[in-house]
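Student: Below are the C-alpha cells for one structure; questions will follow.
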Amino acid sequence: MGHAQRHYYDADSLETAARVFERAYGIDSDAFYEAYLANEVPDRIPRFDAHVWASFVEDVRRLRGAEPDGDPPIAKVQRTFAHA
Amino acid sequence: MDSQKYREERERECAEASATCRDLEVGQEKGPGAPPLAQLIGRAELNERAFVKMQETVELHQGHVHRIRYAYYLSFDGEEIGGYERSLVHGEHFHCTHRHRGHLPGGEPAGPVSFKEAVNAAWDWLSDHGYPPPGARRQARRLWRLGLRRPPP
Numbered sequence: 203m204g205h206a207q208r209h210y211y212d213a214d215s216l217e218t219a220a221r222v223f224e225r226a227y228g229i230d231s232d233a234f235y236e237a238y239l240a241n242e243v244p245d246r247i248p249r250f251d252a253h254v255w256a257s258f259v260e261d262v263r264r265l266r267g268a269e270p271d272g273d274p275p276i277a278k279v280q281r282t283f284a285h286a
Numbered sequence: 006m007d008s009q010k011y012r013e014e015r016e017r018e019c020a021e022a023s024a025t026c027r028d029l030e031v032g033q034e035k036g037p038g039a040p041p042l043a044q045l046i047g048r049a050e051l052n053e054r055a056f057v058k059m060q061e062t063v064e065l066h067q068g069h070v071h072r073i074r075y076a077y078y079l080s081f082d083g084e085e086i087g088g089y090e091r092s093l094v095h096g097e098h099f100h101c102t103h104r105h106r107g108h109l110p111g112g113e114p115a116g117p118v119s120f121k122e123a124v125n126a127a128w129d130w131l132s133d134h135g136y137p138p139p140g141a142r143r144q145a146r147r148l149w150r151l152g153l154r155r156p157p158p
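Sequences listed follow chains A and B, in order. Per my numbering, the first sequence starts with residue 203, numbered consecutively. Per my numbering, the second sequence starts with residue 6, numbered consecutively.
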C-alpha cells in the first residue's frame, strides 16, 4: 500500500484543517490556543486533538510570519530543538 | 529520505508491531524556500476496538527523520486511554495517563518515545485488559508447555 502522489500543505490548507476543529468543538482557534498555552484546554477536547489543533495553529502562524519576537519562524523552531 | 519513503517506513513499522495503518496522511511543507518539514497523521489499528492515533511533525534531512513534535494516543472503544506527546510549546516529552485540570496537563515528564515504543505500550495495556497482540496467547501456551511460565489465563 503506497501512494505515488506527493501531498503538500501550506498555511491555507492548515487553516482549513484548524476550522474543522473549530466547528467540532465550538471554539475559535486563537481562543483555543490561548487555553492550550495556559494548560487550560477543556476536558471535552481529547489530548490528541488538542495537540494536533495546536500544531496547526503554530504552523499557520509560523508560515504567515506571525512571530511576536520578530525571529524568522523556522529559526525559532530549529533553535528550540537544537538539543534534541 | 523524502515524504514517500517516510510514509513507507511508517507502514512497515506498523506491520512489524502487529498493527495496520489507517487514514495515513503524509504531507510536505510547500512554499518558496520551505524547510524540509513534513507532517504525518493517521491511526495504527491494533484490533477492532483499539487504535493508536499518531501525529508527527518532522524535519527530513539527508536521510534522517528528526521529530520536532509528536503525539501517540491509545483509543479503546472510543475513549482516549493515554499516550505520549512532545509539543513545541511545552517542550518536554510528556507521558499522559489521564486527563485532569491543573498546571501540568494531566501528564508527567518522560523521555523521548518512539512510535514503536508507544505501540508496544498500547499492546501492554491491551494485554493487561485481555486483548493481547495476535499470536501472544499461542506463544504463552507454548512457553507454558515448555515449563517456562505459569499457565495461561
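For glycine and all other residues, C-beta sits at the position ideal for the given N, C-alpha and C.
Is it buried or exposed, E21 (chain B), if we count other Cβ atoms within 10 angstroms and call 16 or more buried?
Tutor: By 1-based counting over the second sequence, the position of residue 21 (chain B) is 16. Classification for E21 (chain B): exposed.
Student: Any residues in the region 250-261 of chain A with a beta carbon nearer than 7 Å to a beta carbon of chain B? Which ones, in chain order?
Tutor: Of all residues in the region 250-261 of chain A, F250, H253, V254, A256, S257, E260 have a Cβ within less than 7 Å of some Cβ in chain B.
Student: Under 8 Å, do V57 (chain B) and Y75 (chain B) count as touching if we go by C-beta distance?
Tutor: As a first step, residue 57 (chain B) is located in the second sequence; it is residue number 52 there, counting from the start. As a first step, residue 75 (chain B) is located in the second sequence; it is residue number 70 there, counting from the start. Contact flag unset, no.
Student: Who are T218 (chain A)'s beta bridge partners in DSSP?
Tutor: Taking the first sequence and counting its residues from 1, the one referred to as residue 218 (chain A) is at position 16. Partner(s): none; T218 (chain A) has no beta bridge.
Student: Counting only Cβ-Cβ distances shorter than 9 Å, please list the residues of the region 62-78 of chain B near chain A, keeping chain order.
Tutor: Correct list: T62, E64, H71, R72, I73, R74, Y75, A76, Y77, Y78.
Student: Is there a C-beta anywhere in chain B that falls below 8 Å from the one on Y210 (chain A)?
Tutor: For the purposes of this step, residue 210 (chain A) is taken as the residue at position 8 of the first sequence. Taking Cβ atoms only, chain B reaches closer than 8 Å to Y210 (chain A), which makes this a yes.
Student: List, in chain order, every chain A residue whose beta-carbon is nearer than 9 Å to that of E30 (chain B).
Tutor: Start at 1 with the first residue of the second sequence, and residue 30 (chain B) comes out as number 25. H209, listed in chain order.
Student: Would you call V63 (chain B) buried or exposed, if buried means 16 or more other Cβ atoms sit within 10 Å of its Cβ?
Tutor: Counting from one through the second sequence, the residue named residue 63 (chain B) turns up at place 58. V63 (chain B) should be labelled buried.
Student: Per DSSP, what kind of secondary structure is E242 (chain A) in: helix, strand or coil?
Tutor: Along the first sequence, read from residue 1 onward, the residue named residue 242 (chain A) stands at position 40. The answer is coil: DSSP assigns E242 (chain A) none of H, G, I, E or B.
Student: Examine chain A for any beta-carbon lying closer than 8 Å to the beta-carbon of T102 (chain B), and answer yes or no.
Tutor: If you number the second sequence from 1, residue 102 (chain B) lands on position 97. Caution applies to T102 (chain B), whose pLDDT of 47 falls short of 50 and renders its modelled position unreliable; the value that the coordinates give is listed next. Answer no: the Cβ-Cβ gap between T102 (chain B) and chain A never drops below 8 Å.
Student: Report the residue from B:G47, B:F81, B:Q33 whose alpha carbon sits nearest the alpha carbon of W130 (chain B).
Tutor: Here the question's residue 130 (chain B) lines up with position 125 in the second sequence. That would be B:F81, whose Cα lies nearest to the Cα of W130 (chain B).
Student: From the DSSP output, read off the bridge partner residues of A76 (chain B).
Tutor: Position 71 of the second sequence holds residue 76 (chain B). DSSP lists B:Q60, B:E90 as partners of A76 (chain B).
Student: Grab me the residues of E217 (chain A)'s own chain with a C-beta within less than 7 Å of its C-beta, minus the 5 sequence neighbours each way, in chain order.
Tutor: In the first sequence, counting from the first residue as 1, residue 217 (chain A) sits at position 15. For E217 (chain A), where only same-chain residues beyond five positions count, the Cβ hits under 7 Å are V262.
Student: Rounded to a whole number of angstroms, what is the C-alpha to C-alpha distance between E122 (chain B) and C19 (chain B)?
Tutor: The residue you call residue 122 (chain B) lines up with position 117 of the second sequence. The residue you call residue 19 (chain B) lines up with position 14 of the second sequence. Distance between the alpha carbons of E122 (chain B) and C19 (chain B): 11 Å.
Student: Could you tell me the boundaries of the alpha helix (DSSP H) in which L131 (chain B) lies?
Tutor: Sequence index remark: in the second sequence, residue 131 (chain B) carries index 126 (1-based). That run of the alpha helix (DSSP H) goes 120-133.
Student: Using the C-alpha atoms, what's the distance from Q33 (chain B) back to S215 (chain A)?
Tutor: Position 13 of the first sequence holds residue 215 (chain A). Position 28 of the second sequence holds residue 33 (chain B). The straight-line gap from Cα to Cα measures roughly 12 Å.
Student: From the DSSP output, read off the bridge partner residues of Q44 (chain B).
Tutor: Looking up residue 44 (chain B) in the second sequence gives position 39. DSSP lists B:G32, B:T62 as partners of Q44 (chain B).
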